[in-house]
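Beneath this line is the structure, given in C-alpha cells, with notes to follow.
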C-alpha cells in the first residue's frame, strides 16, 4: 500500500515537471514624440487554465473550429486575467488599469508547421495624451500566477532595459522626459539614447546604457537561476546524475565544466538564431539523457574519459532546451546579448546550488561502499526511472 502511494506521488511530481513552457505576459509600451502612447499585451490563452503547462498552445487549426460563443468567452477571460495581473502608474501618480480592447492575433509558431500557427489574444490600450507622460511603470499584482515582461520603445527605438517581474514586484521607472525635447534631437539626427548617454558621460555619472544593462542582466540572471532551481526538475536530475558518478573533485569539475561549455554553445547559437531544433525532439532527448547518465552510474561505476563525451553531447541538447525558455521572452536585439549572458550565468548558479545541496545531503557518508549502496544505486535508478517516464510521455504527448 505504501509503495503504491509513493509511486502515485512520484507520478504526480513527474507530471508536474513535464509540459509546455509556463506562459509569461509580455507588456510592451510604445511612446512616440508626437504624444502617442500605448500598451500592448500578448496573452497566451493557456493562462486561463488552472494547469497551463499541461495544455497545448492554441493553434489556428483548433481556433477555427471554435463557435462564436467560445471565442467571445476567451476574450472575456482575457479581460478578467489582465485585471488580476497588472497595474500602471504614470508620472508617479496613483496605480490604475487603463481600459484594454481585446482581439485575436496569429503568431509565428517557429518550429511548427504552417497549419499550426499559434493564436494569442492581443490586448491594446491607448494611453491619454494629457497630461504629458514624463515617466511610466507597471507592477505585477500579488494575485497573478505569471511573470510580466516589461519592455518598451521610445520614438521607435527599442529600449535595452527589460524587466521580468514576479508577482508583487514593480518595474523600473521609464523616464520619458527626453520626448519633450525630441525636436532638438531630430535636428541633430541623433537617437534619444545617444544624446542622453553623451551628456551623462560628460558629467561622470552612470550612463543609461550601464543602468539598462545592469537591470536587464539582473532580471535574466534570476530567470536563469529559477529555470534550474526549482522549476527545472529535468535539469536538476541531470546534474544529480553527474554528481552521483563520483564525489571526487577532478571527475566532478570536468563533467560540470564540459556540460557548461556544451549548453552555453547551443544556448547562444539558438538564441541568436544560428541553429534551431524542434522541441518535440529536443525535450524527449533531454529526458533520455537523464536516464542514460543515471544508468551509466549503476552499470559502469567509476570515472572514464568517454563520460565527458556523453556529457558534452547531451549538454548541447540541454542548451537547446534552455534556449527555448529564453526565447519565450521575445527579447529585442538591443537587449538580447545582456539577457543571454544574464540567463546563462543564472543557469550556472542554479547548477552550483544543486551541487552544493547534493554535497550537503551526502557529505556525512564517508565510506564509499556505503555511499554507493545506499545513495548512488537507488538514487540513480530513481533518476533513470524519471528519465524513462519523461521520454515516453514526451514522445507520445
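Residue numbers (my numbering): 512 to 908.
C-beta atoms are modelled at their ideal positions from N, C-alpha and C, and glycine is treated no differently.
It should be emphasised that the depicted structure is a prediction, and the values quoted were computed from it without experimental measurement.
Reduced DSSP category for residue i - H, G, I as helix; E, B as strand; rest coil
i: residue 644; result: coil
i: residue 651; result: strand
i: residue 767; result: helix
i: residue 871; result: helix
i: residue 900; result: helix
i: residue 545; result: coil
i: residue 840; result: coil
i: residue 782; result: helix
i: residue 618; result: strand
i: residue 706; result: The predicted position of residue 706 is uncertain, since its pLDDT is 38 and thus under 50; a value taken from the coordinates is nonetheless stated next. Note: residue 706 maps to helix in three-state DSSP.
i: residue 892; result: helix
i: residue 569; result: coil
i: residue 831; result: helix
i: residue 745; result: helix
i: residue 751; result: helix
i: residue 535; result: coil
i: residue 629; result: strand
i: residue 806; result: helix
i: residue 851; result: helix
From the options, residue whose alpha carbon lies closest to that of residue i
i: residue 683; options: 656, 670, 642, 726; result: 726
i: residue 604; options: 646, 594, 633; result: 646
i: residue 673; options: 794, 866, 806, 538; result: 538
i: residue 556; options: 882, 597, 608, 536; result: 536
i: residue 545; options: 768, 559, 667; result: 667
i: residue 594; options: 568, 743, 580, 559; result: 559
i: residue 782; options: 842, 763, 817, 665; result: 842
i: residue 550; options: 567, 664, 628; result: 664
i: residue 805; options: 894, 851, 903; result: 894
Residues sharing a beta bridge with residue i, DSSP
i: residue 635; result: 551, 612
i: residue 681; result: 650
i: residue 540; result: 550, 663
i: residue 669; result: 664
i: residue 600; result: 648
i: residue 607; result: 599
Within 8 Å, strictly: CB atoms of residue i and residue j
i: residue 592; j: residue 738; result: no
i: residue 849; j: residue 733; result: no
i: residue 809; j: residue 757; result: no
i: residue 753; j: residue 634; result: no
i: residue 857; j: residue 679; result: no
i: residue 542; j: residue 630; result: no
i: residue 818; j: residue 862; result: no
i: residue 642; j: residue 602; result: yes
i: residue 778; j: residue 855; result: yes
i: residue 652; j: residue 587; result: no
i: residue 788; j: residue 745; result: no
Contact test: residue i Cβ vs the ligand NAD heavy atom, cutoff 7 Å
i: residue 757; result: The ligand NAD is absent from the structure shown, which contains no ligand whatsoever.
8 Å contact criterion, which residue i and residue j should meet: CB distance rounded
i: residue 796; j: residue 828; result: 5 Å
i: residue 676; j: residue 596; result: No, residue 676 and residue 596 are not in contact; Cβ-Cβ is about 10 Å, not under 8 Å.
i: residue 876; j: residue 887; result: Wrong, their Cβ atoms sit about 10 Å apart, outside the cutoff.
i: residue 774; j: residue 826; result: 5 Å
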